[in-house]
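Taking it in order: structure first as structure tokens, then the write-up.
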Amino acid sequence: MKLTSRILPISTIIAAGALAVGYGLNNQPLGVLFFVALGLLWVVGQRYEKPIIASLSLLCFVIGAVFGGWYGVKSGWLLCSITAALLAWDLNHFIHHMQDTKNVENARALERAHLQRLGVVGGLGLLLSASALTIRINLGFSVVFGLGLIAVFGLSRLIRYLRRESD
4 MKLTSRILPI STIIAAGALA VGYGLNNQPL GVLFFVALGL LWVVGQRYEK
54 PIIASLSLLC FVIGAVFGGW YGVKSGWLLC SITAALLAWD LNHFIHHMQD
104 TKNVENARAL ERAHLQRLGV VGGLGLLLSA SALTIRINLG FSVVFGLGLI
154 AVFGLSRLIR YLRRESD
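All the letters of the sequence shown, read from the start, carry residue numbers 4 to 170 under the numbering used here.
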């Protein structure tokens, strides 16, 4: 759990810093102060093992990103912040879950596997989100509707596969 415990505050600081910088570059000093304070609160909550703070902080970061988009904050800062916040939230819950199950064999292997999956999901999510923000394609409604159905079907199959694999 050492590696996870080191990555957790770093991802929290990146999440808070990205939103603070984004708001700062957009001349919103109250937003900068709020997200610096929120990031510090989340790090303190991690230190004293208060899991409810992680969920509330993630909610605040999502709301902050929504308002940031409304106020004209560049989408790169928002995307980086939300990705880092999701990673921190997941790692926080993983640490608390592992502490609840103290007699887990191969805890180090579980941690390594979780970090690898999280890295792949975070990296792909960041890459696909950045692609969606930069690539523009004009499609008709029926094509978008069909692609949406394929995406929903594919995600449901993926979730079903992952649930079977984890059992």
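Just so it is clear, CB atoms sit at the ideal spot from N, CA and C, and this is done for glycine as well.
Annotated three-state conformation of G122 is helix, per DSSP. Annotation for R9: the continuous alpha helix (DSSP H) segment containing it runs 5-28.
Looking at the backbone, the Cα of I55 and that of S159 are separated by about 29 angstroms. At least 7 angstroms separates the beta-carbon of I85 from that of A112.
A40 and G143 have their C-alpha atoms spaced approximately 45 angstroms apart.
Non-local C-beta neighbours of G27 in its own chain, meaning closer than 7 angstroms and more than five positions away in sequence, comprise V35, ordered along the chain.
A135 is not a Cβ neighbour of F64, given a cutoff of 7 angstroms.
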